Amino acid sequence: MEFGPLIKFYRTQKGITQKELAAGICSIPHLSKIENNSKDANKETISLLLERLEVSFEEMEEKEELIKSLLKDFGEKINFYLREEIEITFKRLKEIEHVIPFSAQMYSYELYKYRYLLFKGLLSEAEAQRDILYKQKKNFSQHERYLFRYYNAVFLILKGQFKKADVIFDELFLENNNEAVNGEFLYHWTFVKSSLDQPGHAIHFGRQALQIFMNQHNFYRILHTLMVLGINYSRSSIYEEAQVCFNHLIRNAELLKEERMLPQIYHNMGYLQDRMNNVKDALMYYEKSLSLQSIKNQHYFVTLYAIGEIYYNLNIMERAKECFLLIKSLSKETGVKKQSLLSNFYLIHMESPEKAMKFLEAKVIPYLESAKEHKDDLTRYYKLLSENYNQNGKYLEAVNYLSKIT
Amino acid sequence: MKKSIILLFSLSLLILLSPATKDVSSTSSSNELAKNIYYQHADPIHPPVG
Numbered sequence: 052m053e054f055g056p057l058i059k060f061y062r063t064q065k066g067i068t069q070k071e072l073a074a075g076i077c078s079i080p081h082l083s084k085i086e087n088n089s090k091d092a093n094k095e096t097i098s099l100l101l102e103r104l105e106v107s108f109e110e111m112e113e114k115e116e117l118i119k120s121l122l123k124d125f126g127e128k129i130n131f132y133l134r135e136e137i138e139i140t141f142k143r144l145k146e147i148e149h150v151i152p153f154s155a156q157m158y159s160y161e162l163y164k165y166r167y168l169l170f171k172g173l174l175s176e177a178e179a180q181r182d183i184l185y186k187q188k189k190n191f192s193q194h195e196r197y198l199f200r201y202y203n204a205v206f207l208i209l210k211g212q213f214k215k216a217d218v219i220f221d222e223l224f225l226e227n228n229n230e231a232v233n234g235e236f237l238y239h240w241t242f243v244k245s246s247l248d249q250p251g252h253a254i255h256f257g258r259q260a261l262q263i264f265m266n267q268h269n270f271y272r273i274l275h276t277l278m279v280l281g282i283n284y285s286r287s288s289i290y291e292e293a294q295v296c297f298n299h300l301i302r303n304a305e306l307l308k309e310e311r312m313l314p315q316i317y318h319n320m321g322y323l324q325d326r327m328n329n330v331k332d333a334l335m336y337y338e339k340s341l342s343l344q345s346i347k348n349q350h351y352f353v354t355l356y357a358i359g360e361i362y363y364n365l366n367i368m369e370r371a372k373e374c375f376l377l378i379k380s381l382s383k384e385t386g387v388k389k390q391s392l393l394s395n396f397y398l399i400h401m402e403s404p405e406k407a408m409k410f411l412e413a414k415v416i417p418y419l420e421s422a423k424e425h426k427d428d429l430t431r432y433y434k435l436l437s438e439n440y441n442q443n444g445k446y447l448e449a450v451n452y453l454s455k456i457t
Numbered sequence: 025m026k027k028s029i030i031l032l033f034s035l036s037l038l039i040l041l042s043p044a045t046k047d048v049s050s051t052s053s054s055n056e057l058a059k060n061i062y063y064q065h066a067d068p069i070h071p072p073v074g
């Protein structure tokens, strides 16, 4: 505990002058030096000064220990994804927040606060906290510097900037001599690889994360990791493994009463069945997922779009149209861009394929190019446009789109 | 220079591989085209980042 600044804090809070506080204990210049941390005072002087301020030395030392143990607890709650329990720990930390700046845990606390805001998905608050921490980073210990960079990578994930996050994970991994750091780190990296559509890497890191979480009996993170693994097994056409993941997930989510995850699991099971060309089952799982979702949830659009696409491919145009029209109207309120644009594309395509191609060029492609994180989608649309121009004998335009595919 | 050679090569390949007769206003072929390329486009849903 930094007692000098702590004494200054309580003295000013109580409206006592340096002369009044120092009287009979030490000289005023001595007190001034203690307060500014430029002189180490002995325990006895500190105790006397604190006593006059009605603050107990022992209590303060206990608080230092309390901060340390609460922060440890806080980190564990985040790692175990315990959403309700973390609030209790955070509340306890908040209660002693006024003494934390005088503690050796000051930066750790601010870093954990940043992590907490990310955990809660409060991005603008997290951004402000990141800026505060950035100004202090030269004072960080090596471990604190590591945490700051790692949390910045988590921040980038939440912002959808997966490539930038990937660079940070790569650097941290290399700096750690290619050692598997911890389950959380591996889970987040798996998440990044999956979002970048790199299923091989996602499976590689996901399996390592799963092993660690299983050893820790970290149930929620086991479910999360199984979900990302299932998605990437599906993408890699390792269907049996994917099926095992999703069946396991359905059983355990029901067991843990994890109702929030069930619609996501059903959606991904639908995604797997879709890839396996089991259209009927895919539709059944997507419908099941949709029935459990709230209409304003962003995932609702993803599932509804998947259903619309299946109907479109089954040539059941009326049902497809219903889905796309619903997305179009709902997205006006919620601002969901990608599914809204694609639904519009299909709707136009039903009326006039030529107009749809123009819409693709004018709206869809610019949106995806500006987002910079939809490389696979872009490739698909470049191909589509190129083929279309080719069919219409416009070879230069066709080649132009082909050359964009890298 | 290298890029223009590749472009020229791609262009000639496209012309060579294009069908001799085609119905440019064919809606059905365009539909099929869209379906083949679009199919299985729907996204999976990822778990929470936490």
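So the protein sequences, as listed, match chains A and B.
Here the first sequence stands for residues 52 to 457, where the numbers follow the working numbering.
Here the second sequence stands for residues 25 to 74, where the numbers follow the working numbering.
Think of the CB as a built atom: it goes at the ideal place given N, C-alpha and C, for glycine as much as any other residue.
None of these values were measured; they are calculated from a predicted model.
Contact of A:Gln315 with chain B is assigned, a C-beta pair being separated by under 7 Å. Listed along chain B is no residue with a C-beta nearer than 9 Å to that of A:Glu113; the closest approach is about 32 Å.
Judged by DSSP in its simplified three-state form, A:Pro314 adopts helix. In terms of Cβ geometry, A:Ala260 and A:Tyr238 form a close pair [threshold 7 Å]. For A:Phe131, the secondary structure class from DSSP, reduced to helix, strand or coil, is coil. By the criterion of a C-beta distance shorter than 6 Å, A:Gly359 is surrounded in its chain by Ala371, Cys374 and Phe375, once the five residues flanking it on both sides are discounted. For A:Met157, the enclosing alpha helix (DSSP H) starts and ends at Met157 to Phe170.
If you draw a straight line from the Cα of A:Ser391 to the Cα of A:Ser382, it is about 6 Å long.
For a cut-off of 8 Å, the C-beta gap from A:Met312 to A:Leu274 is around 6 Å, short enough to register as a contact. Under the Cβ criterion of 7 Å, A:Ile97 is not counted among the residues facing chain B.
Rounded to whole angstroms, the gap between the alpha carbons of A:Tyr440 and A:Leu411 is 13 Å.
Per DSSP, the unbroken alpha helix (DSSP H) holding A:Met265 starts and ends at Pro250 to Gln267. Looking at the backbone, the Cα of A:Arg196 and that of A:Lys188 are separated by about 7 Å. Look at A:Leu173 here: in three-state DSSP terms it is coil, with no helix or strand label. At least 7 Å separates the CB of A:Leu436 from every CB of chain B. Around A:Ala92, the same chain offers Ile85 as residues with beta carbons nearer than 7 Å, after the five sequence neighbours per side are excluded.
Residue-level contact check: A:Leu300 does not touch chain B, since none of the beta carbons of chain B fall below 7 Å from its beta carbon. From the listed residues A:Cys296, A:Lys331, A:Tyr337 and A:Leu306, the smallest Cα separation to A:Pro314 is found for A:Tyr337. The beta carbon of A:Lys414 lies closer than 7 Å to those of Leu392 in the same chain, with the five residues before and after it left out. Per DSSP, the unbroken alpha helix (DSSP H) holding A:Glu235 starts and ends at Gly234 to Ser246. With respect to A:Phe153, A:Met52 sits close: the two C-beta atoms are nearer than 7 Å. When Cβ-Cβ separations below 7 Å define contact, A:Met157 makes no contact with chain B. At a beta-carbon threshold of 7 Å, the residues of chain B lying near A:Ala357 are Ala66, ordered along the chain. The segment 63-79 of chain A makes no contact with the segment 116-128 of chain A: fewer than 3 CB pairs, one atom from each, lie closer than 8 Å. Just measuring C-alpha positions, the residue of A:Ser394, A:Lys347, A:Gln344 and A:Lys388 sitting nearest A:Met368 is A:Ser394.
Shown in chain order are the members of the segment 227-250 of chain A whose Cβ falls below 9 Å from a Cβ of chain B: Glu235, Tyr238, His239, Phe242, Ser245 and Ser246.
In the displayed model, A:Asp182 falls within a helix according to three-state DSSP. The shortest CA-to-CA distance from A:Tyr158 to any of A:Lys406, A:Ile301 and A:Asn190 is the one to A:Asn190. Per DSSP, the continuous alpha helix (DSSP H) segment holding A:Pro56 begins and ends at Phe54 to Lys65. Cα atoms of A:Leu173 and A:Gln180: separation of roughly 11 Å, rounded to the nearest angstrom.
Exclusion of the five residues before and after A:Lys65 leaves Leu104 as the residues of its chain whose Cβ lies within less than 7 Å of its Cβ.
Taking C-beta atoms as the reference points, A:Tyr356 and A:Ile378 count as a pair closer than 7 Å. Residues of chain B with a Cβ closer than 9 Å to the Cβ of A:Met335 do not exist; the shortest Cβ-Cβ separation is about 15 Å. A:Phe220 and A:Leu162 do not touch by the CB rule: their CB atoms are close to 18 Å apart, not below 8 Å. Under the three-state reduction of DSSP output, A:Leu343 falls in the coil class, being neither helix nor strand.
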